[in-house]
Amino acid sequence: MKLRFFTIMLLAVSLFALPVLAAEVKIGYVDLQRALNECKAGKTAKDKITAKYKQLEGEFSAKQNELKKLKDELEKQGAVLSADKKNEKERQYQQKVKDFQRFAKDARDTLKQQETDFSRELIKELVLLARDIGSQGNYSLILEKNEGSIIYGAKELDLTEQLIRRHDQKK
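Take the sequence shown: its position 81, counted from the start at 1, is 221 in my numbering, and no numbers get skipped.
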């Protein structure tokens with residue numbers, strides 16, 4: 141009796157599983173970080189951020205030179221100046237050091253925020269395009285390479301080039 145019940149259940153499960161097994165499972169993956177760096181919008185944004193960095197680096201260098209001159213001046217005139225004048229110059233120097241440190245921190249924070257904002261927006265676009273590639277290409281599953289999910293991926297399954305092309309064509 142138990143054997144007959146087990147056999148019937150096995151047949152029933154097999155019949156329901158056949159359509160699922162017959163369906164083709166198509167899997168691909170994308171490297172969103174690579175797509176972010178190699179698509180036209182990514183390269184343009186990276187160039188803008190690099191240009192802004194170089195501009196800030198120039199300002200940073202000018203402010204650093206100004207501080208060095210002020211310190212050298214303070215050291216040279218320190219023995220000649222009265223105590224009040226010397227204290228005033230030291231206060232000015234310390235204030236400029238604080239201003240310089242604040243400038244450097246603000247500049248770093250601004251660049252980091254711009255890069256984060258850009259990356260977030262572009263990744264949203266890339267994910268939507270990857271979904272389009274998945275639905276149009278009849279993929280069952282598309283994985284992200286850098287999330288630690290993929291230990292090995294055959295090159296044929298890598299859809300990153302297609303994703304980059306599709307994004308560049310869209311713009």
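Just so you know, even glycine gets a beta-carbon here, dropped at the ideal spot from N, CA and C.
_Limits of the beta strand (DSSP E) - the one that Glu-164 falls within_ = Segment: none, Glu-164 is in no beta strand (DSSP E) and carries neither H nor E.
_Nearest-angstrom beta carbon gap, Leu-214 and Glu-230 [assumed within contact, 8 Å]_ = 7 Å
*Cβ separation of Leu-207 and Glu-284, assumed to be a contact under 8 Å, to the nearest whole Å*: Incorrect: roughly 46 Å between the Cβ atoms, too far for contact.
*How long is the line joining the alpha carbons of Lys-192 and Leu-297, rounded to whole angstroms?*
38 Å
*Where does Leu-283 sit, in a helix, a strand or coil, going by DSSP?*
strand
_Taking only three categories from DSSP, how would you classify Asp-298?_
strand
*asked:* Looking only at its chain, what residues have a beta carbon closer than 7 Å to the beta carbon of Lys-226, apart from the 5 residues adjacent to it on each side?
replied: Gly-218
*Should the region 247-260 be regarded as contacting the region 193-200, the criterion being three or more beta carbon pairs within less than 8 Å?*
yes
_For Val-165, tell me which candidate among Ser-280, His-307, Cys-179 has the shortest Cα-Cα distance._
Ser-280
_Among the candidates Gly-182, Glu-178, His-307, Gly-277, whose CA atom is the shortest distance from the CA of Ile-167?_
Gly-277
*Count the other C-beta atoms from every protein chain shown that fall within 10 angstroms of the C-beta of Thr-300, then say buried if there are 16 or more, exposed otherwise.*
buried
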